[in-house]
Every structure is written in structure tokens, then in C-alpha cells.
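Residue numbers (my numbering), protein chains in the order written: chain X, 296 to 552; chain Z, 20 to 234.
Structure (C-alpha cells):
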């Protein structure tokens, strides 16, 4: 028993020393954390690597989730440096609470809400057709925390479909979960962003939510007031607004504003 | 208005799950006691695995097996995914090992002389299970059931994957907590956190009461 405790202490000390050595020897490495909407996962991963390739001392970590979940984490003190939201509402909420560096907030991207079905199944031609009896289950994001779900909810309301589809809706915790439920064929249709639909070979886009049926899908981004490395965070932000990043965003189907 | 449906969804799922686990756990534990060597090890591993696997892995297996394109989904031509039955399914699978292990542990403590005596009197193995093992090992078995109930009640990960989040149908208390928290509705989250903490604490109190004298 005593021996085991000693070994445990020794291991712990080694790890602590190793960690110490790391921070002292490598100059001044900096780590920044980005809280980004789930729909940004693939393009942010690519942009992260591009940035760190040019800035070897900077490590960029990303935390992906529904914008509502990320907002809550930040409110509860998550040490994020940048918030990249899929909805204006979540960004506004953090701004109202005084957690953002207001001057840094800008709208960066626009996306589209589309109707998808599993590949190889009968296409559902429009949002109106979701009311048909043949459609049993439709996946959307949870409207309270997932912007994609909020836009879907707005679209159903403005098209007068909410009562007809209400009992068929399954609410996902983020937009990527909607995608996976459609991919596996466990729902007949889902509402996701065009960019999510495009990365999946297993779904077919059958319709785009009509213009004006929901608020524009805008992605605002900004630096947090409590960021430990505001200069690096701002530099990363300007990198996101650069021409080369625009190309990456466009490749994944986003419209750069 | 405050929606109380998660309470009913959760209770329905965990009570039914506990009933299924109870019977299946006893039968499997009894079966496992009769096995030795590699086969005993294999059965034990498979039956205990959901206890240590991340619930998302259990959820993944269930989704793949029972999903529309999965072998069981295809065989039965129907799918339990996103139905209230899916909440029972995931709660059952995740909490089953607790019942199984508790039952096996308790039944192994039963005096073998009693079992041999019953055998000489011509009892069938099934009858030994219900007439000797279960009554004698009852405190441990009941404690296992209480623990399994508490675990079923708290199930979130696997349930989210196979039952989805449908308020009034598959939205359990843990799910209501998750979605009200990330949706910024802390009041609702607090209420459900309070409810589930109380019920879980009560289950544990019941468990220690049931297993008194046994442990």
C-alpha cells in the first residue's frame, strides 16, 4: 500500500515537472480556445490547422456544440477566447451580459436552411409536404438552444405548418445530431444548414426553406472580454476575415458577408 | 406553464426497465453461476460491459442494431427508435449490469448445502432459483434492483441517441435538465435537478435499508 502511494506520488511529480518544463522551454506558446457552433466543425478544423501552421507558437483549440450550449458554458465561466455563434440571439445574450468585447463582434457568414432526406428515399419536395401523412418523423434542432432549430421553428410558423408537423418533430441537441439521424434513416426528413448537408454523402437536399420564412442565418463572431490572450484572439479573428479563409468558408458552402 | 411530462416519461421508463432487469438479471445471474471457465468469463463480460462503456457507445450499438437499417429493425420491419419504448430499451441495457452483478454476488453467498439439499429432494434448477436462491439472497437482490432503478432514472447519453428528445413522449428528466440548461431556462433546470436528486437519494436510502444485515 505504502509503495503504491509512493509510486503514485512519483508519477504525479514527474507529470508536474514535465508540464513545468514545457511552459518554460518553448518560448512563449499561447493557447486560445474557440467556442464554435457545431455546423462550423469541418471548416474550423481546416482553418485552425492553417493558422497554427503559420503561427507555430499558437495552439488553437476548438469546442464545438450548439450555440445555446456554448453560450451557457461561457456564462458559467468557460475559458473561451472567441465565440463563433450560428445565431445572433446567443451572441446578443453574451453581449447583454457584458461578456463580449463588443468592438470585436462582426457578422461573418451566412448559411441556408435546407430540407434533407436519407439518400435513396423518396424526396420530399417542399416544407409543405412534411405535413403529408407519409412523413412520420422529422428531426430539427431544439429551438431553445440550437439556432438551426430556431430557424426551423420560425419557418414552420410562418408557413402555417407548425400544427401539422408538431407531433412528428424530434428535437436534437445540435445540428450535427439532426444530420446523423437523417443519415441513418431513423427519421424521414430533417432541417439542417446547407453546409451540413453538403458534407454528408448519405443525404439528399430536396428543398431550401423559402426566403423570408425565417430570419437570415447569420454567424457572428467576436472575442470575449475575459480572454487571456486578446491580441492572439484578435489576430485569429482577422485571419478568419482574410481572403484565404473566405475561400475555405466558401468551399464548405458558406456565404461570406 | 410548467411541463411535468418528463417525470412521467422518466418514471415509466425506469419502472419498466427495472422490472425487466429484475427478471432478466436473476435469470442471467443464475445461468452465469452454473458456468465455469471461458464461457463464464465471456457471458460475464458481455453482460457487464454496458456498465463501463460510455453510454454513447451503448447508444451507438442500440441505434445500429434497432435502427431502421439495422438487423433487428429490418427483421421486425419496424423500429423502436424515437418511440417511448426506446427510453425503456436504453434504460434497461445501461442499468442491467447493476442488477445482474448484485444478484450474482448475493446468490453466490447462499450456503451451497441448501442448494445441494434441494437437489437431493429433486428440485429443478429453476425451482431452486425461485425457492432457495432468491429468498435467501433477497437483501442483496433488492438492493441491486434499487440501484438499477436509480441508474435507469439517470440515463441520458444512450437515451438521447435512440429515443431522441420529444417533449411529452421521450423527453426524460435528465434530458429536460440538459435542454433547459442550454436553452437558458435555469429555473426549470433547478426544479428537475432537485427532483432527480431527491428520488435518487431516496433510492439509495432504500437500498441501504434493504441490504441491512447483508453488508
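Quick reminder that beta carbons are idealized off the backbone N, C-alpha and C, glycines included.
Here the structure is a predicted model, which means the values were calculated and not measured.
- For residue 471 of chain X, no Cβ of chain Z is located within less than 8 Å of the residue's own Cβ.
- In the DSSP assignment, residue 403 of chain X falls within the beta strand (DSSP E) that extends over 401 to 406.
- Separation of residue 134 of chain Z and residue 102 of chain Z (C-alpha to C-alpha, rounded to the nearest whole angstrom) is 43 Å.
- Note on residue 385 of chain X: 16 or more other CB atoms within 10 angstroms of its CB, so buried under the neighbour-count rule.
- DSSP places residue 86 of chain Z in the coil class of the three-state scheme, outside both helix and strand.
- Counting only unbroken stretches of 4 or more residues, the alpha helix (DSSP H) elements lying wholly within the region 128 to 199 of chain Z are 131 to 139, 144 to 147, 157 to 173, 176 to 182, in sequence order.
- If you ignore the 5 residues before and after residue 169 of chain Z, its C-beta comes within less than 7 Å of the C-beta of 219, 222, 223, all in its own chain and listed in chain order.
- Taking a cut-off of 8 Å for Cβ pairs, the region 419 to 438 of chain X and the region 512 to 523 of chain X do not touch, as fewer than three such pairs fall below it.
- Residues are counted here when their Cβ sits less than 8 Å from a Cβ of chain Z; for the region 446 to 468 of chain X these are 464, 465, 466, 467, 468, given in chain order.
- A straight line joining the alpha-carbon of residue 355 of chain X with that of residue 179 of chain Z spans about 30 Å.
- For the region 77 to 95 of chain Z, residues whose beta-carbon sits nearer than 7 Å to a beta-carbon of chain X comprise 82, 86, 87, 88.
- DSSP, read as helix, strand or coil, puts residue 464 of chain X in strand.
- Residues of chain Z with a Cβ closer than 9 Å to the Cβ of residue 479 of chain X are, in chain order, 82, 83, 86, 87, 88, 89, 100.
- In this structure, residue 36 of chain Z keeps its C-beta atom at 8 Å or more from the C-beta atom of residue 122 of chain Z.
- Residue 387 of chain X is outside the set of residues whose beta carbon lies under 8 Å from a beta carbon in chain Z.
- Ranked by Cα distance from residue 492 of chain X, the options X:533, X:413, X:543, X:358 are led by X:413.
- Fewer than three beta-carbon pairs drawn from the region 475 to 482 of chain X and the region 444 to 460 of chain X are found closer than 8 Å, and the two stretches are therefore not classed as touching.
- Using a CB distance cut-off of 8 Å, residue 185 of chain Z counts as an interface residue toward chain X.
- A Cβ-Cβ separation of about 16 Å leaves residue 445 of chain X out of contact with residue 507 of chain X under the 8 Å criterion.
- For residue 491 of chain X, there are no neighbours in chain Z by C-beta distance under 8 Å, as the nearest C-beta there is about 18 Å away.
- Residue 490 of chain X and residue 406 of chain X do touch by the CB rule: their CB atoms are close to 6 Å apart, below 8 Å.
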